[in-house]
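In what follows, a structure is listed as structure tokens, so that the remarks can point back to it.
Residue numbers (full-length UniProt numbering): 1 to 182.
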């Protein structure tokens, strides 16, 4: 009788171990689920940032020139201007290329060559263009002020949404400057 009890106990223990072996997850299954979760998170992130781009089209930023000065720079690092004292956001103003009209025409020509932008406002000494990024559709505002007192073209480029622009506004200034000064 005692032997029978030990046998039954050993048999139950053996079945329990077999059950545990069957439920042990395999590496391929874990990797598959991690891959599915990662893809889902990446898709959700992409859709979120894509929505930010669409949403940025509806934002009305503070723009324009008052008393020869652009609007104040945002606290976020996603902007550059020739009129800021913040070193990390500062870019050099560009020289005028003759009269105000000639300078304005040169700016418009360079904007056309850069592409991916639309002129929103232009008057005698001011141009406001909106650049739209090709994939995410983020809207960035670029302003030019032809300052006849200093004979310089003041430049300001700022993102409408987000905190960081991955250097897009500075790169835009550099690309514009290269076209403008050639």
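For every residue, glycine included, the Cβ atom is placed at its ideal position computed from N, Cα and C.
About 6 Å separates the Cβ atoms of residue 144 and residue 155, confirming a contact at the 8 Å cut-off. The alpha-carbon of residue 138 is positioned some 25 Å away from that of residue 123. Closest by C-alpha distance to residue 74, out of 182, 61, 66, is 61. Taking 8 Å as the cut-off, the beta carbon of residue 100 is found closer than this to the beta carbon of residue 146.
In the structure shown, residue 135 adopts coil according to DSSP, grouped into three states.
Closest option to residue 69, judged by alpha-carbon separation, among 87, 93, 133: 93.
Membership of residue 79 in the beta strand (DSSP E) is indicated by the continuous run 79 to 81.
In the structure shown, residue 76 falls within a coil segment according to DSSP collapsed to helix, strand and coil.
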